[in-house]
Each structure stands twice: as C-alpha cells, then as structure tokens.
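First up is the structure itself, then whatever we jot down about it.
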Amino acid sequence: MVKKNDLTGERFGHLVVLNKTDKLYNHYVVWHCLCDCGNEIDVDTRKLKRGTISSCGCIPKRDARCGRTPEDLRGKVFGNLTVISKEKSENHKTRWLCECSCGNKKIIKSADLKSGKVKSCGCLQHVKGKNIKDITNQRFGKLTALYPTSKRDYKLSVYWHCQCDCGNEIDVTHDCLVYGRYKSCGCLKQEHMSHIYQQLHHIDGTCVEWLANRKSRNDNKSGFRGVYMRSNGQYRVSIGFKKKRFYLGQYKDYNEAVEIRKEAEEILHDQFVEAYSIWLEQGNKKNPLIYEVTKEDMIFTIITNVDVDNKKVLDNVVTIDYPIGGRHIFQK
Numbered sequence: 008m009v010k011k012n013d014l015t016g017e018r019f020g021h022l023v024v025l026n027k028t029d030k031l032y033n034h035y036v037v038w039h040c041l042c043d044c045g046n047e048i049d050v051d052t053r054k055l056k057r058g059t060i061s062s063c064g065c066i067p068k069r070d071a072r073c074g075r076t077p078e079d080l081r082g083k084v085f086g087n088l089t090v091i092s093k094e095k096s097e098n099h100k101t102r103w104l105c106e107c108s109c110g111n112k113k114i115i116k117s118a119d120l121k122s123g124k125v126k127s128c129g130c131l132q133h134v135k136g137k138n139i140k141d142i143t144n145q146r147f148g149k150l151t152a153l154y155p156t157s158k159r160d161y162k163l164s165v166y167w168h169c170q171c172d173c174g175n176e177i178d179v180t181h182d183c184l185v186y187g188r189y190k191s192c193g194c195l196k197q198e199h200m201s202h203i204y205q206q207l208h209h210i211d212g213t214c215v216e217w218l219a220n221r222k223s224r225n226d227n228k229s230g231f232r233g234v235y236m237r238s239n240g241q242y243r244v245s246i247g248f249k250k251k252r253f254y255l256g257q258y259k260d261y262n263e264a265v266e267i268r269k270e271a272e273e274i275l276h277d278q279f280v281e282a283y284s285i286w287l288e289q290g291n292k293k294n295p296l297i298y299e300v301t302k303e304d305m306i307f308t309i310i311t312n313v314d315v316d317n318k319k320v321l322d323n324v325v326t327i328d329y330p331i332g333g334r335h336i337f338q339k
C-alpha cells in the first residue's frame, strides 16, 4: 500500500520523483527526481507541489510564466560579443558562451545580452568600471580601429588594435586616435618626408634650404653649432660641407671659437647659398653650378663658376683662397 505522502513516481513539470531521501529542508522531505533532459536533482516537497522548481535548470524560469522555452541566441551579435553556444543554466537563468571581438570568451546571462547591459568581455571598461566609447571600425586618418586590447597607458586610455591602409597593424591609445595624434602606422610620415625631400634642392649631398635656415643643434652643450667643449676645457671647432668635415682647430676662449665658426659659415655656407641663388636666377641649365672646396692648413680654396661679387655666372672657373681669420687674399 502506497503511503499518502509518498510522491514516488509522480510528475511535477519536467521532473519525475524517483525516491525519497534521508534529507530534510526546512522540515520538508527532500525527493530525488529525474528531469526530462536526463539530469537528476534533489527537491523538497513544498517546491515540488508549489511548482517553484519544475526542472533541473535546463528550462529557465518561464518568460512571464507562460511556459515558453528560451530564445536560441547562437550566432547573434550583441555589441562586441558573438554568441557561440548555450551553457548550463544557473539560478534558473539561461546562460550563453560568447566570444568577444578582442578574442576573450565569457559566459553571460541571456537577459544581460538582450538588455544591452553587457556588450563585451570587460575589455571596454576602465579600471574604475566606466564604459569607454566604442570606436570599432571607425577610421582615423589611414587607421581603422579593429578592437580594444587589455593594455592601458598611464592615463588609463585603452589601446586599440588598428589596421593601416598600407596593411600594417599597430596598437594606438583611444586618446591618440580621437585627438589626431596618430593617423597611420608611420607610413604617412615617411610619405610626407619623401615629398618634402623632393621639394628641397640638393647639390652633392648638400641641402641649400638647410644651409639658408640653419639652427643650433639641441645636443650641442656649448650652445653654438660646430663648437664642442672637450674634456680639457678647450673648444673644438669644425664645419661640414658637401659630405666633408673640415677641422678648424681648438681654442681656449669660447668667443674666439664661435667667431672662427661664424667666419667659416660665411665662407662656405652663406657664399654657397648666394652662388646657388645667382646661378638659379640666370637659368643657365646647360652651364651647371660648380662650387668645390678644399682646405690646407687654415685656408679654404673655393673653385667656382659664379662671381658672387658681380652676381653673374662665368664661362670658366675661378679659384679663390679664403684664410680663416681674414678676407680672401687672391684670385687665380
């Protein structure tokens, strides 16, 4: 004879009671049940009879308790997340395994996906938990933002993995992209430099524009270009021209060293720029500019076909000697 309170064999939703256990829950008998999906679960009498639990968890809490099964989200995209497969429900909540655009995987509840509460694995959040702006697939110059990485700079700005139009890939912070500090992987700068180089005029490796607008180098501790302080306290002076470097001696007095350097610049650089301007204005392309420099002791010898004083291009060349410390002394 079956006892009045024996639930063995009875069905409650998707559960069929197998047998009574020795456990009690809040003074109610706990029953061992078999779910239609094949899983087994222990449930107390009150929850079975009230319908609080009607499955092992494979069927989530009914949507508005109308008995519908959960929507299949596999393959759908929510923000940066793509749903891969269904996971075991937890606390009667349907959960899905999702892959983020950054490559990480995470299990997320169905409700959080549908409501938009969760849009990534967490890579779109600052350390303090604030969401950052999604710039996926946006263009910044030649760069296209692909996905955020887990890296942050010292200001907590997220590094985005970007692809350049040239095919290279690079990680750039959100701030640098938005404020235009990065517009390419570096190829844009090289392109601009090549255009600038084409606009400059080079003669035997010497840039005319650079000589005309020369400045002191930042790495020169003496404070003047071409003047270098030695360990013995003296100042070494030199000057470069047409891929050659001419040594101009060592001086104890800094001002004397600077004056020697300035005089050498007037002889080599300034006169060369002026000679080039005269040659360019006359437009005699069949008669190329000649401007060669040699040095012996402290005398520069310049061989040129431009008369700087009379501002004209000559049919032949002249040789002019310029001693350092005075004006030129003779022409040949």
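Residue numbers for the sequence shown follow the working numbering, beginning at 8 and rising by one.
Glycine residues also receive a C-beta, built at the ideal position from the N, C-alpha and C atoms.
All figures in this text were calculated on a predicted structure; none of them were measured in a lab.
(request) Evaluate Y186 with the Cβ neighbour count: other Cβ atoms within 10 Å of its Cβ, from every protein chain shown; 16 or more gives buried, anything less gives exposed. (result) Taking the first residue of the sequence shown as 1, we reach residue 186 at position 179. So Y186 ends up on the exposed side.
(request) Have a look at the DSSP bridge pairing and note the partners of W286. (result) On the sequence shown, residue 286 is found 279 positions in, with the first residue counted as 1. In DSSP, W286 forms no bridge with anything.
(request) Would you give the residue range spanned by the alpha helix (DSSP H) that R144 belongs to? (result) For the purposes of this step, residue 144 is identified with residue 137 of the sequence shown, where counting begins at 1. Here the sequence assigns Asn to residue 144, which means Arg is not the residue at that position. No alpha helix (DSSP H) holds N144; DSSP gives it neither H nor E.
(request) Could you check the C-alpha separation between A152 and V313 for me, to the nearest Å? (result) Along the sequence shown, read from residue 1 onward, the residue named residue 152 stands at position 145. Along the sequence shown, read from residue 1 onward, the residue named residue 313 stands at position 306. Going from the Cα of A152 to the Cα of V313 covers about 56 Å.
(request) Kindly list the residues whose CB is nearer than 7 Å to the CB of C20, restricted to its own chain and excluding five residues on each side of it in sequence; keep chain order. (result) The residue given as residue 20 occupies position 13 in the sequence shown. Inspection of the sequence shows that residue 20 is occupied by Gly rather than by Cys. Excluding positions up to five away in sequence, the list reads G58, S61 and S62.
(message) Classify T101: buried if its beta carbon has 16 or more other beta carbons within 10 angstroms, exposed otherwise.
(response) Reading the sequence shown from its first residue, position 94 is the one you call residue 101. Burial call: buried.
(request) Can you tell me which of K116, Y161 and H34 puts its alpha carbon nearest to the alpha carbon of D182? (result) On the sequence shown, residue 182 is found 175 positions in, with the first residue counted as 1. That would be Y161, whose Cα lies nearest to the Cα of D182.
(request) Could you say which of S117, K121, L275 and V265 lies nearest to T308 if we only look at CA atoms? (result) Residue mapping note: residue 308 aligns to position 301 of the sequence shown, counting from 1. Comparing Cα-Cα distances from T308 to each of S117, K121, L275 and V265, the minimum goes to L275.
(message) Using DSSP's beta-bridge definition, name the partner residues of Y166.
(response) Here residue 166 refers to the residue found at position 159 when the sequence shown is read from its first residue. For Y166, which the question treats as bridged, DSSP gives the partners T180.
(request) Using the Cα positions of L207 and T326, report the straight-line distance between them to the nearest angstrom. (result) If you number the sequence shown from 1, residue 207 lands on position 200. If you number the sequence shown from 1, residue 326 lands on position 319. Unreliable placement is indicated for L207, whose pLDDT of 46 sits below 50; the coordinate value is still reported in the next sentence. So the alpha carbons of these two residues sit roughly 28 Å apart.
(message) Let me check understanding here. Comparing Cα to Cα, which of G86, R252, F147 and L150 lies closest to S127?
(response) Locating residue 127 in the sequence shown gives position 120, counting from the first residue. Comparing Cα-Cα distances from S127 to each of G86, R252, F147 and L150, the minimum goes to G86.
(message) Can you tell me which residues form a DSSP beta bridge with Y235?
(response) On the sequence shown, residue 235 is found 228 positions in, with the first residue counted as 1. Y235 is bridged to R243.
(message) Does V90 pass the burial test, meaning 16 or more other C-beta atoms within 10 Å, or should it be called exposed?
(response) Within the sequence shown, numbered from 1, the residue matching residue 90 stands at position 83. V90 should be labelled buried.
(request) Please report how far the alpha carbon of Q170 lies from the alpha carbon of P295, in whole angstroms. (result) Residue numbering aside, residue 170 sits at position 163 when the sequence shown is read from its first letter. Residue numbering aside, residue 295 sits at position 288 when the sequence shown is read from its first letter. Cα to Cα, the separation comes out at about 47 Å.
(request) Tell me whether K116 is buried or exposed, calling it buried when 16 or more other Cβ atoms sit within 10 Å of its Cβ. (result) For this step, residue 116 is matched to residue 109 along the sequence shown. Buried, by the Cβ-count rule.
(message) Please list the terminal residues of the continuous alpha helix (DSSP H) segment that includes D79.
(response) Locating residue 79 in the sequence shown gives position 72, where the first residue counts as 1. From DSSP, D79 is part of no alpha helix (DSSP H); its letter is neither H nor E.
(request) Return the Cβ separation of C40 and L22 in integer angstroms, given the expectation that the two are a contact with Cβ distance under 8 Å. (result) Taking the sequence shown and counting its residues from 1, the one referred to as residue 40 is at position 33. Taking the sequence shown and counting its residues from 1, the one referred to as residue 22 is at position 15. Right, their Cβ atoms sit about 4 Å apart.
(request) Keeping to the same chain, check which residues put their C-beta closer than 6 Å to that of F147; ignore five residues upstream and five downstream. (result) In the sequence shown, residue 147 corresponds to position 140, counting from 1. For F147, where only same-chain residues beyond five positions count, the Cβ hits under 6 Å are L184.
(request) Using only alpha-carbon positions, find the residue among L88, K30, M305 and K149 that is nearest to D51. (result) Position 44 of the sequence shown holds residue 51. Checked all of L88, K30, M305 and K149; the closest Cα to D51 is K30.
(message) Which of the three DSSP states is assigned to K319 in this structure?
(response) On the sequence shown, residue 319 is found 312 positions in, with the first residue counted as 1. In the structure shown, K319 sits in a strand (DSSP, three-state: E or B).
(message) Starting from N312, trace the beta strand (DSSP E) in both directions and tell me its first and last residue.
(response) For the purposes of this step, residue 312 is taken as residue 305 along the sequence shown, with counting starting at 1. Unbroken beta strand (DSSP E) run through N312: I306 to D314.
(message) Assuming V244 and Y261 are in contact, meaning their beta carbons sit under 8 Å apart, how far apart are those beta carbons, in whole angstroms?
(response) On the sequence shown, position 237 is the one that residue 244 refers to. On the sequence shown, position 254 is the one that residue 261 refers to. Going by Cβ atoms, the distance from V244 to Y261 rounds to 10 Å, so no, they are not a contact pair.
(message) Tell me the rounded alpha-carbon separation between G74 and N46.
(response) As a working note, residue 74 is residue 67 in the sequence shown. As a working note, residue 46 is residue 39 in the sequence shown. Here the model assigns G74 a pLDDT of 47, short of 50, so the residue's position is not dependable and the matter cannot be decided.
(message) Taking 6 Å as the limit between beta carbons, can you name the residues of its chain near L285, skipping five residues before and five after?
(response) Taking the sequence shown and counting its residues from 1, one reaches residue 285 at position 278. What sits at residue 285 in the sequence shown is Ile, not Leu. The answer, listed in chain order, is V313 and K318.
(message) Does the beta-carbon of C173, which I'm using as the reference point, lie nearer than 8 Å to any heavy atom of the ligand FMN?
(response) Absence of the ligand FMN is noted for the structure shown, with no ligands found whatsoever.
(request) Helix, strand or coil for C42, going by three-state DSSP, please let me know. (result) Taking the first residue of the sequence shown as 1, we reach residue 42 at position 35. Looking at C42 - three-state DSSP - the assignment turns out to be strand.
(request) Compare the Cα-Cα distances from K83 to each of F231, Y283 and E106 and report the closest residue. (result) Reading the sequence shown from its first residue, position 76 is the one you call residue 83. Nearest option by C-alpha distance: E106.
(message) By the three-class DSSP mapping on this structure, what secondary structure does V23 have?
(response) Translated into positions along the sequence shown, residue 23 becomes position 16. Strand, per DSSP.
(request) On the DSSP bridge assignment, give the partners of F248 in chain order. (result) Counting from one through the sequence shown, the residue named residue 248 turns up at place 241. In the DSSP output, where bridge partners are listed per residue, F248 has K251.
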